[in-house]
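Chemist: In this note's numbering, the protein residues as written are 3 to 801.
Note that CB positions come from ideal geometry on N, CA and C, so glycine has one too.
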Ligand code: MTE
Ligand code: MOS
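#1: Does DSSP put residue 798 in a helix, a strand or coil?
#2: Start and end of the alpha helix (DSSP H) containing residue 773?
#3: Assuming contact is defined by CB atoms lying nearer than 8 Å, are residue 171 and residue 109 in contact in what I supplied?
#4: Between the beta-carbon of residue 86 and the beta-carbon of residue 60, is there less than 8 Å?
#5: For residue 298 and residue 80, I'd like the C-alpha separation in whole angstroms.
#6: With contact counted as at least three CB pairs below 8 Å, one residue from each stretch, are the region 677-685 and the region 748-764 in contact?
#7: Any heavy atom of the ligand MOS within a distance shorter than 7 Å of the CB on residue 321?
#8: Please look up how many angstroms separate the CB atoms of residue 423 and residue 410, rounded, as I've assumed it's under 8 Å.
#9: For residue 386 and residue 296, I'd like the C-alpha separation in whole angstroms.
#10: At a cut-off of 7 Å, would you count residue 103 as near the ligand MTE, judging by its Cβ distance to the nearest heavy atom?
#11: Less than 7 Å separating the Cβ of residue 731 from some heavy atom of the ligand MTE?
#12: Does residue 758 have its Cβ less than 8 Å from a Cβ in chain B?
#13: Based on the DSSP secondary-structure assignment, which residues constitute the bridge partners of residue 438?
#14: According to DSSP, is residue 486 part of a helix, a strand, or is it coil?
#15: Residue 595 and residue 497 - do their beta-carbons sit closer together than 8 Å?
#16: For the alpha helix (DSSP H) that contains residue 578, what are its first and last residues?
#17: Is the beta carbon of residue 280 within less than 7 Å of some heavy atom of the ligand MTE?
#18: Which partner residues of residue 339 appear in the DSSP bridge assignment?
#19: CA-CA distance, residue 772 and residue 634?
#20: Hey, could you find the ends of the beta strand (DSSP E) residue 537 is sitting in?
#21: Who are residue 473's beta bridge partners in DSSP?
#22: For residue 538 and residue 617, I'd like the C-alpha separation in whole angstroms.
#23: Is the beta carbon of residue 113 less than 8 Å from the beta carbon of residue 46?
#24: Just to confirm, does residue 185 get its C-beta within under 7 Å of one of the non-hydrogen atoms of the ligand MTE?
#25: Report buried or exposed for residue 334, applying the criterion of at least 16 other Cβ atoms within 10 angstroms of its Cβ.
#26: Which residues in the same chain have their Cβ closer than 7 Å to the Cβ of residue 253, if we skip the five residues on either side of it in sequence?
#27: Looking only at its own chain, which residues have a Cβ that is under 6 Å from the Cβ of residue 610, when we skip the five neighbours before and after it?
#28: Using DSSP bridges, identify the partner residues of residue 606.
#29: Taking all protein chains shown into account, decide if residue 366 is buried (16 or more other Cβ within 10 angstroms of its Cβ) or exposed.
#30: Between 437, 458, 432, 577, which has its C-alpha nearest residue 500's C-alpha?
#31: Identify whether residue 10 lies in helix, strand or coil by the three-state DSSP scheme.
#32: Report the residue ranges of all beta strand (DSSP E) runs contained in full by the region 641-725; include only those spanning at least 3 residues, in chain order.
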């Protein structure tokens with residue numbers, strides 16, 4: 003066992019404790035960025051002037067009328083930018099655009115003494131536009147050859163030879179819908195300037211270091227002159243990895259120009275209209291199988307909608323390419339990816355990056371093909387699983403611990419009584435003409451680490467005060483996922499203290515610099531490693547002091563229960579406070595900076611080959627649904643999950659993450675129906691589903707009626723902090739099981755062997771069309787039951 007993964011006796015990690023801020027969250031006492039407005043004197047409020055075109059040139063901008071509105075203090079335009087008018091590290095997002103790139107694009111911002119004054123001021127600003135032709139769907143982008151960024155390929159073997167050897171070849175094209183992050187706290191920033199011109203920004207950001215960098219570059223100052231703090235976020239889900247930066251820059255610019263604190267907070271409609279989402283993916287695929295259902299060859303072209311600028315689309319696409327295999331050995335594969343450039347919001351990260359979109363394609367193929375080969379969805383999946391750790395993924399990484407997936411699969415099928423319930427369902431379906439039930443299981447294998455190796459580093463600063471109290475700073479941000487809770491547990495474990503002795507400070511760039519975004523589920527791995535490293539240094543220094551008192555070598559000093567004791571020493575343990583005090587008097591440094599980088603990663607961005615991931619997370623789920631044949635409406639009757647989080651750092655947190663991710667993934671796959679106006683009218687390009695009234699999020703009523711979540715046991719991960727594994731994103735892909743169950747239920751309305759196409763999201767409407775499709779098969783000849791070469795796309799509606 004490695005030193006990193008080794009858990010001492012009486013470890014605080016592994017204890018089931020509530021989220022460190024749970025009480026604050028539910029009582030309202032927990033502070034979020036925008037709560038600071040009420041505590042700040044003289045705040046100015048910023049309001050955007052939003053363009054009513056999908057694509058247009060700004061031909062005239064007259065801000066003078068805004069100044070006639072009482073309470074308006076300043077209008078911010080491109081002319082005010084002392085540094086670079088740009089809000090993204092790819093340098094393709096002007097903060098104040100002269101070319102409007104999507105419907106709603108903010109052209110300039112008005113600062114007012116009240117939000118209402120700013121809003122009225124924004125209304126008064128006069129802008130003339132020259133409309134330009136726009137591209138608002140992926141097919142339009144393909145037709146126009148409108149792409150951005152690189153177009154990488156992952157490949158192995160010989161796909162053409164694999165297809166020739168295959169006895170069954172299927173193909174299709176379909177578009178899977180994107181997803182809005184819908185964090186409860188919208189984008190928010192508040193900025194101040196001090197007497198020396200140094201800027202302090204509170205931002206609801208997953209990436210304080212990048213927010214700092216962007217604000218500095220807009221202001222034309224160095225990073226050392228800008229500090230960014232993130233108290234916590236009311237959810238990020240990837241939507242605050244880059245998307246917070248521009249708003250922080252607006253607040254900072256306003257504060258430097260006026261000398262007053264400036265607040266930017268988007269309302270829900272603005273947030274949904276301006277910020278990027280999980281991108282839609284249009285996928286064209288061809289898959290060759292042998293008679294036993296082995297996937298011999300797979301060819302996929304992913305076209306992801308990047309929206310108007312690149313943002314995180316390259317990492318999103320890399321994830322898709324590196325997860326198209328999911329848990330399956332595919333000897334011959336060619337996966338191509340490209341990023342469409344459209345006049346939509348700039349799409350970005352969402353839990354799993356493109357991993358879910360990549361895996362969905364393969365899961366969809368297996369689900370569609372299984373009945374045609376006379377197999378169940380579970381059997382075709384099992385036959386295609388990676389079998390041994392000597393096998394490699396299409397990008398060349400060994401599938402270490404693949405035996406875990408087989409164990410998890412068996413466990414979840416057994417625990418859920420899959421076979422018994424399958425028989426009950428058959429009986430139920432035989433006696434119910436208009437209601438059908440189905441049960442399905444799907445696996446998840448998800449790689450952990452940023453694909454880009456350089457990002458896999460983290461930092462911490464741990465301070466022990468003379469009274470023995472401990473303050474932990476680390477570079478990760480808290481967005482509800484429980485990272486701070488885990489970091490407190492890590493520090494308490496490393497120092498041998500009870501949790502109550504350790505406190506944690508909000509994330510800020512002047513404590514821990516140069517951090518990566520808290521994302522790719524790496525928060526606990528990277529920051530946990532860094533917190534432990536800092537604590538280990540302090541502990542080693544204290545061990546020298548304690549060894550002197552206890553009469554043992556420092557290596558024989560142990561820390562537990564807030565005291566230091568010597569192995570085989572007769573002397574009384576030294577209480578922590580006393581030891582700290584003594585160390586201080588001996589002039590021993592009581593604080594330490596910790597640093598961690600993930601070892602053993604290699605990734606070639608040119609060839610798309612290497613071992614980019616530290617380890618894989620494994621999981622599997624079984625879902626049972628009931629579908630109504632008249633409406634397509636459905637219920638999720640029961641879900642069973644077995645998921646691998648290594649040895650959990652914090653079991654309650656991890657169970658919550660698995661449940662939350664499952665429900666969020668089920669939302670993406672079955673409910674959340676994004677609509678963009680693709681018509682030719684004046685609102686072309688507008689995101690029509692702008693609020694909770696038209697965009698259906700999962701809520702209590704869509705929770706599985708029975709929801710059993712189990713963590714895979716005795717699962718120590720040698721390469722990670724205290725033997726744990728990341729949890730944030732992988733379980734989002736477990737609800738493929740719900741989608742597959744819905745497909746089977748729809749199939750059950752047709753004759754045996756029916757295989758329908760199911761759109762994504764599988765809304766009741768989509769399920770209804772799948773049922774109609776299945777019913778039509780009863781009258782068709784069996785020979786006609788082929789997967790249509792081109793499956794009709796979702797029609798983007800004007801609503
Ligand atoms: N859980 C909550 N409650 N809120 C969030 O915003 N974001 C998810 C996941 N779980 C999120 C969440 C995403 S997208 C990621 S990448 C991880 O948390 C990030 O945190 P971690 O790296 O600490 O797991
Ligand atoms: Mo998560 S999409 O990596 O923030």
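Modeler: On the basis of the supplied data:
#1: The count along the chain shown starts at 1 and reaches residue 798 at position 796. Here the model assigns residue 798 a pLDDT of 36, short of 50, so the residue's position is not dependable, and the following value carries that caveat. Of the three classes helix, strand and coil, the one that applies to residue 798 here is coil, per DSSP.
#2: For this step, residue 773 is matched to residue 771 along the chain shown. Where residue 773 is concerned, the enclosing alpha helix (DSSP H) starts and stops at 766-781.
#3: As a working mapping, residue 171 is identified with position 169 in the chain shown. As a working mapping, residue 109 is identified with position 107 in the chain shown. The answer is no: Cβ separation not under 8 Å.
#4: Translated into the one-based positions of the chain shown, residue 86 becomes position 84. Translated into the one-based positions of the chain shown, residue 60 becomes position 58. Using a Cβ distance threshold of 8 Å, residue 86 and residue 60 do not count as a contacting pair.
#5: By one-based count along the chain shown, residue 298 stands at place 296. By one-based count along the chain shown, residue 80 stands at place 78. Whole-angstrom Cα-Cα distance: 55 Å.
#6: Result no; under three Cβ-Cβ pairs closer than 8 Å.
#7: Here the question's residue 321 lines up with position 319 in the chain shown. No, Cβ of residue 321 sits at least 7 Å from all heavy atoms of the ligand MOS.
#8: Looking up residue 423 in the chain shown gives position 421. Looking up residue 410 in the chain shown gives position 408. With 8 Å as the limit, residue 423 and residue 410 do not qualify as a contact, their Cβ atoms being about 19 Å apart.
#9: By 1-based counting over the chain shown, the position of residue 386 is 384. By 1-based counting over the chain shown, the position of residue 296 is 294. Roughly 6 Å between the two C-alpha positions.
#10: Along the chain shown, one-based indexing puts residue 103 at 101. Checking every heavy atom of the ligand MTE against the Cβ of residue 103, none is found closer than 7 Å.
#11: As a first step, residue 731 is located in the chain shown; it is residue number 729 there, counting from the start. At least one heavy atom of the ligand MTE lies closer than 7 Å to the C-beta of residue 731.
#12: No chain B is present in this structure, which holds just one protein chain.
#13: Working through the chain shown from its first residue, we reach residue 438 at position 436. Its beta-bridge partners are 629.
#14: Taking the first residue of the chain shown as 1, we reach residue 486 at position 484. Looking at residue 486 - three-state DSSP - the assignment turns out to be helix.
#15: Looking up residue 497 in the chain shown gives position 495. Looking up residue 595 in the chain shown gives position 593. For the pair residue 497 and residue 595, the CB atoms are not nearer than the 8 Å cut-off.
#16: As a first step, residue 578 is located in the chain shown; it is residue number 576 there, counting from the start. DSSP places residue 578 inside the alpha helix (DSSP H), whose first and last residues are 578-587.
#17: The count along the chain shown starts at 1 and reaches residue 280 at position 278. Residue 280 has its CB no nearer than 7 Å to any heavy atom of the ligand MTE.
#18: Residue mapping note: residue 339 aligns to position 337 of the chain shown, counting from 1. DSSP, once it has assigned bridges, lists 304 as partnering residue 339.
#19: Walking along the chain shown from the start, residue 772 turns up at place 770. Walking along the chain shown from the start, residue 634 turns up at place 632. Rounded to the nearest whole angstrom, the CA to CA distance from residue 772 to residue 634 is 9 Å.
#20: Counting from 1 along the chain shown, the entry for residue 537 is found at position 535. Taken as a continuous stretch (DSSP letters only), residue 537 belongs to no beta strand (DSSP E), being part of the alpha helix (DSSP H) at 525-552.
#21: The residue labelled residue 473 in the question sits at position 471 within the chain shown. Residue 473 is bridged to 465, 505.
#22: Within the chain shown, the letter at position 536 stands for residue 538. Within the chain shown, the letter at position 615 stands for residue 617. Straight-line Cα distance between these residues: approximately 24 Å.
#23: By one-based count along the chain shown, residue 113 stands at place 111. By one-based count along the chain shown, residue 46 stands at place 44. In this structure, residue 46 lies closer than 8 Å to residue 113 by Cβ.
#24: As a position in the chain shown, residue 185 is number 183, starting the count at 1. Short note on residue 185: C-beta closer than 7 Å to some heavy atom of the ligand MTE.
#25: The residue labelled residue 334 in the question sits at position 332 within the chain shown. Buried, since its Cβ has 16 or more Cβ neighbours within 10 Å.
#26: Translated into the one-based positions of the chain shown, residue 253 becomes position 251. The answer, listed in chain order, is 48, 191, 192, 193, 203, 264, 265, 266.
#27: As a first step, residue 610 must be located in the chain shown, where it is residue number 608. Taken in chain order, the residues that qualify are 154, 156, 397.
#28: To locate residue 606, count along the chain shown from 1; it is residue 604. DSSP links residue 606 through a beta bridge to 611.
#29: As a first step, residue 366 must be located in the chain shown, where it is residue number 364. Result: buried.
#30: Numbered from 1 along the chain shown, position 498 holds the residue referred to as residue 500. Out of 437, 458, 432, 577, 577 has the C-alpha closest to the C-alpha of residue 500.
#31: Walking along the chain shown from the start, residue 10 turns up at place 8. Coil, per DSSP.
#32: Listed in chain order, the beta strand (DSSP E) elements of length 3 or more contained wholly in the region 641-725 are 708-713.
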